[in-house]
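Heads up: the sequence shown at position 26 corresponds to 119 in this note's numbering, and the numbers run straight through without jumps.
Take a look at the structure set out below.
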Amino acid sequence: MTIGDPDREHGRRLHNGAMRHLLTGLLFCTVVACGQTTKTKWAIAVHGGAGESEWQHMDRAIEAAYQASLSQALKAGTAVLSHGGKSLDAVEAAIKVLEDDPLFSAGRGSAFNDQGKNEMDASIMDGSTLAAGSVAGVCCTKNPISAARAVMERSPYVMIAGAGADQFAVKNGLQQMPASYFFTEMRWQELLGILKQSGKPIPARPPGVPKEPKSAVVGGGRGHYGTVGVVARDVLGNLSAGTSTGGMQGKATGRVGDSPVIGAGTYAANKSCAVSSTGVGEYFIRLAVAKEICALVEYKGMSIADAAQLVIHKEVASLKGGEGGVIVLDQKSEPVWSFNTLGMFRARQVEGGEAEVRVVGK
Ligand code: ASP
94 MTIGDPDREH GRRLHNGAMR HLLTGLLFCT VVACGQTTKT KWAIAVHGGA
144 GESEWQHMDR AIEAAYQASL SQALKAGTAV LSHGGKSLDA VEAAIKVLED
194 DPLFSAGRGS AFNDQGKNEM DASIMDGSTL AAGSVAGVCC TKNPISAARA
244 VMERSPYVMI AGAGADQFAV KNGLQQMPAS YFFTEMRWQE LLGILKQSGK
294 PIPARPPGVP KEPKSAVVGG GRGHYGTVGV VARDVLGNLS AGTSTGGMQG
344 KATGRVGDSP VIGAGTYAAN KSCAVSSTGV GEYFIRLAVA KEICALVEYK
394 GMSIADAAQL VIHKEVASLK GGEGGVIVLD QKSEPVWSFN TLGMFRARQV
444 EGGEAEVRVV GK
């Protein structure tokens, strides 16, 4: 590594930031509020999408690959939290791992719209301040979650969409990539299957991608899902949530789902809970799922487990086509998940406990 290496600089800034964050909190807690120093147990949960057909086609090798990816994302988040870092940093770090991983439909490996283009959505929210940021329909920003965070921290807005969102990311120094970077054969074949079924025209392969393979693609046609999301609590008890997606496979050009919509795909408030959703976005928007769960916790005093169960299994499931799931965390409990699909890629860990990574089934 050389002097001035951006990764190293970033690492040092993260470390210094985490130390400042921890010291300020402990000082506040010791001197002002608590009489004695109390420390909240950090906690984190990660999801990699919920769906039906993935689980019908899952073989051992694919299962192991998802298991490894989810573990890696969990580790990126716990590395931040266990050093006293902010939940917001843990959320961004874990989501970036999944965005960079072609297995998931977020960042690299994203689903396509019906013209064969990537239009990615992401959002992030800080439960300690209710600050939030999101981007919708970005084509080229390597890590949409970082663009969402930049919107939150470096603009007066909550959401920026389309070309303006990529331009905003560029202005804020975020890396841009060509279409070929985001492309995976597996997602492309999935798209072709959907377009053929609905009789829509087949778009040309994106520029710079390898020729179509002659043999069947391993893991091809697994399903529509693969959105990623993270909820985290740091040692100061601050909650954060984030979500990133390529959206529904074969979606209409310009369609925006729930993932970048604060209150639907993502929500975090210290006084209630942090939520990241995945599923058919239209239902999650109509029911404002993430905020609905937190409202039940705040106003009805429900546990996060009961609130998540009610919203996913009663409210979402009662709408025809309402499929998906959530991960939820509050200031005191262990993270929970709930889904009404055959499965959801998911993982969680609480300070002092083991990592739990689940790929198949309930
Ligand atoms: N919720 C995402 C959307 O509707 C898709 C997903 O979670 O799989 O865009």
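A virtual CB, placed ideally from N, CA and C, is assigned to each residue, including glycine.
Using a C-beta cut-off of 8 Å, the stretch 320–331 makes contact with the stretch 172–181, since at least three inter-stretch Cβ pairs fall below that distance. Sequence-distant partners of Phe432 (beyond 5 residues in either direction) whose C-beta falls short of 6 Å from its own C-beta, in its chain, are Ala143, Gly418. The DSSP-derived three-state label of Ile295 is coil. Phe438 sits in a strand when the DSSP states are folded into three classes. As for any beta strand (DSSP E) of minimum length 3 sitting wholly inside the stretch 336–389, the runs are 359–361, 367–372, ordered along the chain. Sixteen is the threshold: when 16 or more other Cβ atoms of the shown chains lie within 10 Å of the Cβ of Thr320, as they do, the residue is buried.
DSSP places Asp219 within a strand segment (E or B) once states are collapsed to three. Taking each of Ser337, Gly394, Glu427, Gly343 in turn and checking the Cα distance to Met213, the smallest one comes out for Ser337. For Gly202, the CB stays at least 7 Å from every heavy atom of the ligand ASP. The alpha-carbon of Arg379 is positioned some 42 Å away from that of Lys307.
Minimum Cα-Cα distance from Gly358 among the listed residues Val324, Gln342, Lys364, Ser365 corresponds to Val324. Note on geometry: alpha-carbon atoms of Asn236 and Ser164 lie some 19 Å from one another. The straight-line gap separating the alpha-carbon atoms of Ser180 and Leu191 is approximately 17 Å. Shortest gap from the CB of Tyr318 to any heavy atom of the ligand ASP: under 7 Å. For Ile137, the pairing in a beta bridge is given by DSSP as Ala325, Gln442.
Shown here for Thr434: same chain residues with a beta carbon closer than 6 Å to its own, the five before and five after excluded, namely Ala143, Gly144, Glu145, Glu416 in chain order. The alpha-carbon separation between Gln442 and Glu449 amounts to approximately 6 Å. As DSSP reads the structure, Met213 sits in a beta bridge with Val231.
Here the alpha carbon of Thr222 sits roughly 13 Å from the alpha carbon of Cys366. For Val354, the CB stays at least 7 Å from every heavy atom of the ligand ASP. Counting the other CB atoms within 10 Å of its CB gives Gln268 a total below 16, which places it among the exposed residues.
Non-local C-beta neighbours of Ala272 in its own chain, meaning closer than 6 Å and more than five positions away in sequence, comprise Pro299, ordered along the chain. The Cβ-Cβ distance between Gly230 and Gly266 does not fall below 8 Å.
At a Cβ-Cβ threshold of 8 Å, Val244 and Val263 do not count as neighbours.
Beta-bridge annotation (DSSP): Val450 is paired with Ala440. Minimum Cα-Cα distance from Tyr360 among the listed residues Gly372, Ile386, Gly350, Gly339 corresponds to Ile386.
Val244 sits in a helix when the DSSP states are folded into three classes. According to DSSP, residue pairing for Asn206 in a beta bridge involves Lys344.
Going by beta carbons, Ala225 and Gly340 fall outside the 8 Å limit.
For Val419, the pairing in a beta bridge is given by DSSP as Ser370, Ser431. Counted as a single uninterrupted DSSP element, the beta strand (DSSP E) harbouring Ala254 occupies residues 252–254.
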